[in-house]
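Structure record follows, encoded as structure tokens.
Residue numbers (our numbering), protein chains in the order written: chain P, 1 to 115; chain G, 116 to 231.
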């Protein structure tokens, strides 16, 4: 049972456009929702993360929108650049209640930004 | 930001031999580290949770006798792939996460293992 569903699997955007990646989760006990960027042959790196007590968080060109009632969250990349071309993973974890902070990942989205 | 260093970045070994991968948390103490396996164009698959000073917790379907994990200190966890076979060839990634709700996770650069 996949606990975090990510879409689309791949995405092509023109330079300057907006990239939008969506994730849906099932476990209402999740309370931490990060997004990671991964380049080929490298480990993932944290982009931005959100807790369920806020509906939106923005850091530079990256914004997370969070809808607790729908159990969905999304990543928006504004003014997308060719350097943003990478694989993006959403994730979720149950940090409260004595869990071991284990992250559950979505399947990833391969973003290609054309110049 | 905090750094997790993973070594080696790549390794080629002969079938039947063992390979050890190190994961170091350079500037924070990590009581818990995680080991992932990633196949091409796929997501990270959690193999095990490494707990300092105690036995690792393995995910269902992961052979604990094949993938030996040792977390002897707050800054070092090792993964040993024993009696490696070509099907063990993969990209292995470790992660250390700061404790506390919403603690950031930091990933190593990954190790590309090729078994020939």
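By construction, the Cβ of each residue, glycine as well, lies at the ideal position given by its N, Cα and C atoms. No experiment lies behind these values; they were computed from the predicted model shown.
| Check | Outcome |
| --- | --- |
| Chain P within 8 angstroms of residue 208 (chain G), Cβ atoms only | yes |
| Residue span of the beta strand (DSSP E) that contains residue 22 (chain P), given as start and end | 19-25 |
| Contact with chain P by residue 154 (chain G), beta-carbon distance below 8 angstroms | no |
| Against chain A: residues of the region 126-147 of chain G by CB proximity under 7 angstroms | Considering every chain present, this structure includes no chain A. Its protein chains are P and G. |
| Selected residue, minimal CA-CA separation from residue 85 (chain P), among P:26, P:36, P:24 | P:36 |
| Inter-stretch contact (C-beta, 8 angstroms, three-pair minimum) for the region 187-207 of chain G and the region 136-154 of chain G | yes |
| Cβ-Cβ separation, residue 65 (chain P) to residue 130 (chain P) (assumed contact under 8 angstroms), whole Å | Limits of chain P in this structure are 1 at one end and 115 at the other, which puts residue 130 (chain P) out of reach. |
| Three-state secondary structure assigned by DSSP to residue 201 (chain G) | helix |
| Spatially closest choice to residue 121 (chain G) from P:43, P:4, P:96, by CA coordinates | P:43 |
| Beta-carbon spacing of residue 199 (chain G), residue 230 (chain G) below 8 angstroms | yes |
| Nonlocal neighbours in the same chain, by C-beta distance under 7 angstroms from residue 133 (chain G), ignoring five residues either side | 195, 196, 197, 198, 199 |
| Boundaries of the beta strand (DSSP E) in which residue 154 (chain G) is found, first to last residue | Counting along the chain, residue 154 (chain G) falls outside any beta strand (DSSP E), and DSSP gives it neither H nor E. |
| Residue 101 (chain P) at chain G interface by Cβ criterion, 8 angstroms | yes |
| Boundaries of the beta strand (DSSP E) in which residue 57 (chain P) is found, first to last residue | 56-59 |
| Below-8 angstroms beta-carbon distance, residue 176 (chain G) vs any chain P residue | no |
| Supposed close pair residue 145 (chain G), residue 46 (chain P) - CB separation, criterion 8 angstroms | 15 angstroms between Cβ atoms; not a contact. |
| Assumed close pair residue 4 (chain P), residue 104 (chain P) - CB separation to whole angstroms, cut-off 8 angstroms | 5 angstroms |
| Interface partners of residue 46 (chain P) on chain G, CB under 9 angstroms | 116, 219, 220, 221, 222 |
| Burial state of residue 115 (chain P) (16 or more Cβ within 10 Å) | exposed |
| Span of the beta strand (DSSP E), counted from its first residue to its last, around residue 34 (chain P) | 33-38 |
| Beta-ladder partner(s) of residue 5 (chain P), from DSSP | P:24 |
| Whole-angstrom distance between residue 186 (chain G) and residue 168 (chain G), CA atom to CA atom | 6 angstroms |
| Beta-carbon spacing of residue 38 (chain P), residue 87 (chain P) below 8 angstroms | yes |
| CB of residue 101 (chain P) within 8 angstroms of CB of residue 147 (chain G), strictly | yes |
| CA nearest to the CA of residue 62 (chain P), picked from P:50, P:71, P:70, P:72 | P:50 |
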